[in-house]
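In the numbering used here, the protein residues as written are 178 to 327.
Where a beta carbon is used, it is the ideal one built from N, C-alpha and C, also for glycine.
Treat the numbers as computed from the prediction; the structure is a model and nothing was measured.
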Ligand SMILES: CC(C)(COP(=O)(O)OP(=O)(O)OC[C@H]1O[C@@H](n2cnc3c(N)ncnc32)[C@H](O)[C@@H]1OP(=O)(O)O)[C@@H](O)C(=O)NCCC(=O)NCCS
C-alpha cells in the first residue's frame, strides 16, 4: 500500500531539495541550456525553510517533491517553487502539493494562490484549476501569471 504524506521541510534538507529542483528543472527542455550555464539559479533559501514555508511530499519514505509558499503584499499567497522528482511524475504528487498549499493559504486568509508559471507547466496548472491572467518577464524568459481561487 502506498504511504504518502506532506510535511514541512527542515533546514538540513536544503541541499537535497536543491538537487531535486535541479533534476526537475532540467526536464524542461527549453530551460536546460540556460540552467546548465547558470546553475546558481537553483536556490532554496534556508530562511524560507526555517520559516515553515516549504512543504515536502514523501512517498514511501522518499522525498518525491516540494513546494514553497510565500505571502504577498496584496494578501494573496504566492507559489514560489514546485518541483516533482522526474521519476515520480504523473502520479498526482504535484496536484496534492497544490491542494496542500491552497489549504495553508486559505487558513492564512488568502483568497488566491498565485504563480509565475513556467510555460512548460501550463497544462499542469490549468489542470489544477489555475487561470491565466497575464505574462511576466523572468530571468529565463516569459513566465505565465496564473492564479487559482483557494
Ligand atoms: C509541473 C510538475 C510539478 C507536475 O508534477 P506532477 O506530479 O507530475 O503532476 P500531477 O501528476 O499532479 O499532474 C496533475 C495533472 O496535471 C496535468 N499534467 C501534469 N503534467 C503534465 C504534462 N507534462 N503535460 C500535460 N499535462 C500535464 C495532467 O492533467 C495531470 O493529470 P493526469 O496525470 O491525470 O492526466 C512537474 O512536471 C515538474 O516538477 N516539472 C518541472 C519543474 C517545473 O516546471 N515546475 C513548475 C515551475 S513554475
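Proximity below 8 Å, CB of residue i to CB of residue j
i           : j           : result
residue 320 : residue 294 : yes
residue 198 : residue 212 : no
residue 253 : residue 288 : yes
residue 185 : residue 260 : no
residue 188 : residue 223 : yes
residue 336 : residue 244 : Coverage of the chain is limited to positions 178 through 327, which leaves residue 336 absent and any answer about it impossible.
residue 181 : residue 267 : no
Alpha carbon of residue i to alpha carbon of residue j, nearest angstrom
i           : j           : result
residue 282 : residue 323 : 15 Å
residue 311 : residue 202 : 22 Å
residue 408 : residue 218 : Summary: the structure shown does not reach residue 408, with the chain confined to residues 178 through 327, and so no result is reported for it.
residue 279 : residue 296 : 21 Å
residue 315 : residue 238 : 35 Å
residue 250 : residue 290 : 13 Å
residue 327 : residue 313 : 22 Å
residue 307 : residue 208 : 22 Å
For residue i, three-class secondary structure by DSSP
i           : result
residue 301 : helix
residue 187 : coil
residue 323 : strand
residue 266 : coil
residue 273 : helix
residue 258 : strand
residue 313 : strand
Supposed contact pair residue j and residue i - C-beta distance, whole angstroms, cut 8 Å
i           : j           : result
residue 242 : residue 262 : 6 Å
residue 305 : residue 272 : 6 Å
> Which runs of the alpha helix (DSSP H), 4 residues or longer, sit entirely within the segment 189-223?
Replying inline: 191-202, 209-214
>> Quick check for students: name the residue ranges of the beta strand (DSSP E) that lie wholly in the segment 217-256, counting only runs of 3 or more.
In response: 231-236, 239-248
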